[in-house]
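Under the working numbering, the sequence shown has 120 at position 120, and the numbering climbs by one with no breaks.
Cβ coordinates follow ideal geometry from the N, Cα and C atoms, glycine included.
Remember, it's a predicted structure, so these values are computed and weren't measured experimentally.
Before any comments, here is the structure.
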Amino acid sequence: MHAVVIREFGAPAVLQPGEFPDPVDKPGWVTVELKAAALNWHDILVRQGRYNSPLPHVIGADGAGVRRDTGEEVVIIPSLHWGERDEAPGADWEILGDHIPGTYAELVSVPTECLAPKPAGFSWAEAAALPLVGLTTYRALFTRGRLRPGETMLVVGAGGGIATMAVQLASSAGASIFVTSSSTDKIARAVAEGASDGVLHGDPDWPEQARALSPSGAGFDLVLDPVGRWPESVRALRPGGRLVVLGANAAETAPMDVRKFYFGQYDLLGTTMGNVRDFAGLSKLLAEGRVPAPIIDRVFALDNAAQAHEYLELSSGFGKTVLENT
1 MHAVVIREFG APAVLQPGEF PDPVDKPGWV TVELKAAALN WHDILVRQGR
51 YNSPLPHVIG ADGAGVRRDT GEEVVIIPSL HWGERDEAPG ADWEILGDHI
101 PGTYAELVSV PTECLAPKPA GFSWAEAAAL PLVGLTTYRA LFTRGRLRPG
151 ETMLVVGAGG GIATMAVQLA SSAGASIFVT SSSTDKIARA VAEGASDGVL
201 HGDPDWPEQA RALSPSGAGF DLVLDPVGRW PESVRALRPG GRLVVLGANA
251 AETAPMDVRK FYFGQYDLLG TTMGNVRDFA GLSKLLAEGR VPAPIIDRVF
301 ALDNAAQAHE YLELSSGFGK TVLENT
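The following block contains the structure:
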């Protein structure tokens, strides 16, 4: 099959179009003819060798296409071997594209339980952009974050796929959303999508500026931090508030004032992509028409995956970057 293959780890240039063996289905697995694959920051880490993937390898977690066995149009849920406990994944859990060939290809093989119907009215690009970011955000907000109608939430870093999806999902749940960004344009875009307001997080006192936007200036019920700015994010919480963290591209370590943290009665909640049961909750919201399609920032041809990664690493877009098979 035709695919984008990495034969060494490194910069975007290691993503090269080429030929790769067709997938061979195991019992309980099925091959999908891919129409589109969406990029995630996780793909960059895999490309860099952070997950010790085999070489040569095809990366990519998100995808949408047609089942070869039934002809159904499907999206791929890239959460493999989660296990029985919803609280956390089991020891065998992995993300599609880490060690098993992923979606930057014409074909991919996945467990049948990791397929869901393509949402009605979604384009192929929108369908491919949904699973990882939708599943991750749904779990962060509702399974882990316990977000309820009427609460207030701050999203750190408006513009990325998680942040834009968080605004959409939280709005559908009746929460009030605020954002931070390095760009006034991205704040304006987030407001157009349902956020109430935002602040620039380049300012040292941005947590206090954000907190001032919350009701009575008391702080937010929930702060979603997908980039790793914990010490600042916690300053925007109300006493007893919840900090949900799910990324580390801005910082991989976080010095914390322990005494202030426990006197503040805060919850610190780590989360990752969820499981097929979390996706069922997201699918219910989609079926009820409460969540719009993911925002697509830019679409590249599959063979231009290196350029797509360069674009994603610039962090200049708003929404999801997608590869299409043409």
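Between the Cα of residue i and the Cα atoms of the options, which residue gives the shortest distance?
i      : options                           : result
LEU285 : TYR138, GLY102, ASP221 and PRO101 : TYR138
LYS26  : GLY90, VAL110, VAL5 and ALA88     : VAL110
GLU8   : GLY49, ALA218 and GLY319          : GLY49
TRP93  : GLY83, ARG68, GLU113 and PRO294   : GLY83
GLU346 : GLY18, GLU72 and VAL4             : No answer is possible for residue 346: the residues shown for the chain start at 1 and end at 326.
ASN249 : VAL156, GLU19 and LEU80           : VAL156
CYS114 : VAL30, ARG238 and GLY247          : VAL30
ARG290 : GLY194, ARG277, ARG298 and SER233 : GLY194
SER182 : GLY63, PHE300, PRO226 and HIS201  : HIS201
VAL133 : ALA64, ALA166 and GLY241          : ALA166
VAL245 : VAL234, PRO239 and ARG238         : VAL234
PRO17  : ALA3, PRO226, THR112 and SER315   : ALA3
VAL276 : LYS186, ASP205, PRO204 and HIS81  : HIS81
LEU282 : ASP203, THR143 and GLY65          : THR143
HIS309 : GLU19, PHE20, VAL24 and ALA37     : ALA37
Here's a check: name, in chain order, each residue in its chain whose Cβ is nearer than 7 Å to the Cβ of residue i, leaving out the five neighbours to either side.
i      : result
ALA254 : GLY228, TRP230 and PRO231
HIS99  : SER53 and PRO54
ILE296 : ALA125, GLU126, ALA129, GLY319, LYS320 and VAL322
ALA236 : LEU154, PRO207, ALA210, ARG211, GLY219, PHE220 and VAL223
TYR51  : LEU45 and ASP98
ASP22  : MET1 and LEU107
LEU147 : LEU141, MET153, ALA170, ALA173, ALA175 and LEU222
HIS42  : ALA61 and ILE95
Pull the bridge partners of residue i from the DSSP assignment, please.
i      : result
GLU87  : In the DSSP output, where bridge partners are listed per residue, GLU87 has none listed.
MET153 : ILE177 and LEU222
HIS57  : ILE6
PRO111 : TRP29
PRO17  : VAL4
GLU324 : ALA36 and ALA301
VAL199 : THR180
PRO117 : VAL74
Starting from the C-beta of residue i, find all residues in its chain whose C-beta is less than 6 Å away, skip the five residues before and the five after it, and write them out in chain order.
i      : result
ALA306 : PRO12, ALA13 and LEU15
THR152 : SER176, SER214, PHE220 and ASP221
PHE122 : ALA293
PRO56  : VAL5 and ARG7
ILE95  : ALA61 and PRO78
THR164 : ILE295 and GLY319
THR136 : MET273
PRO101 : VAL58
Would you please state the rounded distance, in angstroms, between the beta carbons of residue i and residue j? I believe it to be under 8 Å.
i      : j      : result
PRO149 : ALA175 : 7 Å
LEU243 : TYR262 : Actually they do not touch by this definition, with Cβ atoms about 13 Å apart.
Under three-state DSSP, which class holds residue i?
i      : result
PRO101 : coil
SER214 : coil
LEU269 : strand
GLY71  : coil
GLU94  : strand
ALA190 : helix
ILE358 : One cannot answer for residue 358 here, as it falls past the ends of the chain, which runs 1 to 326.
GLY241 : strand
GLY65  : strand
SER79  : strand
Counting only beta-carbon separations shorter than 8 Å, does residue i have a partner in chain B?
i     : result
TRP41 : Of the protein chains in the structure, only one exists, and it is not chain B.
Between which residues of its own chain and residue i is the CB-CB distance below 8 Å, once the five residues before and five after are set aside?
i      : result
THR326 : ALA301 and LEU302
TYR311 : ARG298, PHE300, GLY317 and THR321
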